[in-house]
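Top to bottom, those sequences are chains Z and F.
If you're matching positions, the first sequence starts at 10 in the numbering used here and goes up one per residue.
If you're matching positions, the second sequence starts at 11 in the numbering used here and goes up one per residue.
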Amino acid sequence: MENDVSELTSLTLAEAREGLKARRFSSRELTQAHLGAIARARGLNAFVAETPEQALAMAAASDARLAAGRAGPLEGLPIGIKDLYATKGVHTQACSHILDGFKPPYESTVTAHLWRDGAVMLGKLNMDEFAMGSSNETSYYGPVASPWLPPNWSGDKARAALAGDKRGLLIPGGSSGGSAAAVAARLCLAATATDTGGSIRQPAAVTGTAGIKPTYGRCSRWGIVAFASSLDQAGPLARTVRDCAIMLGSMAGHDPKDSTCVDRPVPNYEAAIGASIKGMTIGIPREYRLDGMNPEIEALWRRGADWLRAAGVKVVDVSLPNTRHALPAYYIVAPAEASSNLARYDGVRYGLREPGADILELYENTRAKGFGPEVRRRLMIGTYVLSAGYYDAYYVRAQKIRTLIKRDFETVFADGVDAILTPATPSPAFGIGEMGSADPVEMYLNDVFTVTVNMAGLPGLVAAAGKSTEGLPLGLQLIGRPFEEETLFSLGHAIEESAGRAPFPEPWWG
Amino acid sequence: MAVDLATVRRIAHLARIAISDAEAPALQGELNAILTFVEALEAVDVTGVEPMTSVTPMKLPMRDDVVTDGEIEPQVLANAPLTEDGFFVVPKVVE
């Protein structure tokens, strides 16, 4: 049977799964359609390494298992993998120059789970270097362009920018910018991502996709290049909340190789999609209403609450008084942990090596050349706040504030609130090259609504919730109790349904 | 707390990142912008608050004290930029 190729790439993960089961098409056809889309979309720069041979081999194996009636939950479904995940024998460089040529001899636990369940790997996705960024502009491999056209841009103008330095095209968010762009451009059915301060949720919001950062400990961090170990968590990005639920069901699960990974059963997350939300209570935290807030974001937030109210959810005002301290505290904790984690890149054991007269010069030259400006900045801040005489004033104080932030959430949840509804980002996507060049803090403010969730280790989901007046996607965030991702899937699906599923942009890029 | 140029050079050295004299002033400005941003935390009352050590309440699991891998020298060295006779190679450390 002949299948229209663009039809195959427009399917959701759930629809593709049903199509494979019903034998309407093969995994080989589905995978080839996506490989073709990837080849035509190279201008977007979403993939940093394509693995077509591996993809087709995995698809053939999936087709055999489908025929034999031994299909796994993700059998034959082609997905993309963020470059932060170690994939055995395949390009894994955290989009940094310092990991030049690195091919791990092992597989991350999360990707191993995905392959165990039958998923097909299309390649590795672009990201901010070491996941440090909110726009995918710090990648050694260059920025990723969002498939969404800037307001009032023609396809011709956008194609010209794509062939040049991409300035003015929209950012896909970061750090999981390649994941978000690839999913929105229909280059893969879903993608893995990671979230240390908002790196799944902010890209999801600005590309009209869905993403979830699960509770800290839900997914194994083993084999994922470490940024800030007490904040890092793996999660999926996909075109619908249901697809995220399907992905997380495979990604999550206990792993003795990560001592912070919890040993508790993985629920059937997909069963939460469409479950009744009547009688649930959501909180609206007043501290998230910022001075000078974008009125469109505020209106979207109100609309989201109205949708849930109409579905029988009780909406109450809540207070999280330490919210405004979260972002500054994050910029102590995360760089401190990064400075420790990234000490391993020494030019001796793997990756880039820049010669020096002695061992110290070898280290210093390698790290100066191998790390980009944003990573260097954060490593220096981290080194400073951990240095003798400053440790208590900065690091210990920030960890105390983290306790206060977590306590705020615990109080609200103890009062009977099932989830908290907030904006996901302060604005729709901005243009490549437009932000943060003069002051790094300007860029950091993009994570103002998402970073509290990492500081408290909670699950946070972003669902597409509509468009700005200029036609750019906007998302809303739901924050849940620890290990109650199912509540977020139910509520997030309701938001997505109320907003109406808007079409993704037509492929102007090629 | 703002950092001066000498401190910027000291931090860079502690972080093992070479910086040129030309780069230092710009880095100083960026680091001070971040330090100014986090300054607001000095005003927060944290009296009697325990610093967070684990975001989820869990006991560190202990495994049996046994060897679980090893004898994988080629794998360990496979990604090294310079090796010789099964060793990583570095500039002479001891004269």
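Think of the CB as a built atom: it goes at the ideal place given N, C-alpha and C, for glycine as much as any other residue.
Where does the unbroken alpha helix (DSSP H) through residue i begin, and where does it stop?
i: Z:P212; result: R210 to T216
i: Z:Q102; result: That residue, Z:Q102, is in no alpha helix (DSSP H); it is neither H nor E in DSSP.
i: Z:V119; result: T118 to R125
i: Z:G28; result: L22 to K30
i: Z:V460; result: V460 to A465
i: F:T17; result: L15 to L24
i: Z:G501; result: E494 to A508
i: Z:S524; result: Nothing in the structure corresponds to residue 524 of chain Z, since chain Z is present only between 10 and 519.
i: Z:R318; result: P304 to A319
i: F:E40; result: A34 to V48
Is it the case that the Cβ atoms of residue i and residue j are separated by a distance below 7 Å?
i: Z:A189; j: Z:T216; result: yes
i: Z:D427; j: Z:T496; result: yes
i: Z:L487; j: Z:G313; result: no
i: Z:A281; j: Z:F498; result: yes
i: Z:P152; j: Z:S185; result: no
i: F:A43; j: Z:V450; result: yes
i: Z:L108; j: Z:G360; result: yes
i: Z:A200; j: Z:L134; result: yes
i: Z:W231; j: Z:D204; result: no
i: Z:A170; j: Z:A320; result: no
i: Z:S71; j: Z:G127; result: yes
i: Z:A472; j: Z:A261; result: no
i: Z:T21; j: Z:R248; result: yes
i: Z:I414; j: Z:T461; result: yes
i: Z:S19; j: Z:R227; result: no
i: Z:C270; j: Z:S229; result: yes
i: Z:I221; j: Z:C253; result: yes
i: Z:L336; j: Z:V250; result: no
i: Z:A433; j: Z:R210; result: yes
i: F:Q85; j: Z:P114; result: yes
i: F:F98; j: F:A90; result: yes
i: Z:L309; j: Z:A474; result: yes
i: Z:I368; j: F:V100; result: yes
i: F:A25; j: Z:M389; result: yes
i: Z:N374; j: F:A28; result: yes
i: Z:L123; j: Z:S36; result: no
Leaving out five residues on either side along the sequence, give the residues of the same chain with a beta carbon under 7 Å from the beta carbon of residue i.
i: Z:T60; result: V99, M130, L131 and G132
i: Z:L17; result: F34, E38, L39 and A42
i: Z:A338; result: A407, I410, R411 and M464
i: Z:R387; result: M141, P344 and A347
i: Z:R318; result: V324
Which residues does DSSP list as the beta-bridge partners of residue i?
i: Z:T431; result: Z:Q486
i: Z:M130; result: Z:I88
i: F:T93; result: F:F98
i: Z:G475; result: Z:L483
i: Z:P294; result: Z:V327
i: Z:I233; result: Z:Y94
i: Z:L257; result: None; Z:L257 has no bridge partner.
i: Z:L470; result: Z:I221 and Z:L487
i: Z:G440; result: Z:L179
Could you name the residues of the same chain whose beta carbon sits closer than 8 Å to that of residue i, not counting the 5 residues immediately before and after it, in chain order?
i: F:L70; result: none
i: Z:Y149; result: Q102, C104, S105, H106, E138 and G381
i: Z:L179; result: A154, S155, W157, L158, P159, V215, A438, F439, G440, I441 and L481
i: F:L15; result: A34, P35 and Q38
i: F:V13; result: I21, Q38, L41, N42 and L45
i: Z:R333; result: E296
i: Z:P435; result: L299, M302, N303, I306, L454, N455, V457 and F458
i: Z:A73; result: none
i: F:E105; result: none
From what residue to what residue does the beta strand (DSSP E) around residue i run?
i: Z:V405; result: Here Z:V405 belongs to no beta strand (DSSP E), and DSSP marks it neither H nor E.
i: Z:K222; result: A219 to K222
i: Z:L246; result: Q242 to A247
Which residues in the same chain have their Cβ closer than 6 Å to the Cβ of residue i, if we skip the five residues on either side of it in sequence?
i: F:L87; result: T93
i: Z:A235; result: N350
i: Z:M10; result: The predicted model places Z:M10 with a pLDDT of 42, which falls under 50 and marks its position as unreliable, so this point remains unresolved.
i: Z:E305; result: S477
i: Z:D355; result: Y372
List the residues of chain A whose Cβ lies closer than 9 Å to the Cβ of residue i, in chain order.
i: Z:A366; result: In the displayed structure, chain A is absent; the protein chains listed are Z and F.
Item checked: Minimum length 4: unbroken alpha helix (DSSP H) runs contained in the stretch 156–215 of chain Z -> 164–172 and 186–193
Next item on the list: Pick out the complete alpha helix (DSSP H) segments inside the stretch 333–409 of chain Z, 4 residues or longer, and give them in chain order.
Entry: 368–379 and 382–395
Next item on the list: Could you tell me which uninterrupted beta strand (DSSP E) segments, each at least 3 residues in length, are contained entirely in the stretch 24–75 of chain Z, listed from first to last along the chain?
Entry: 56–59, all fully within the stretch 24–75 of chain Z.
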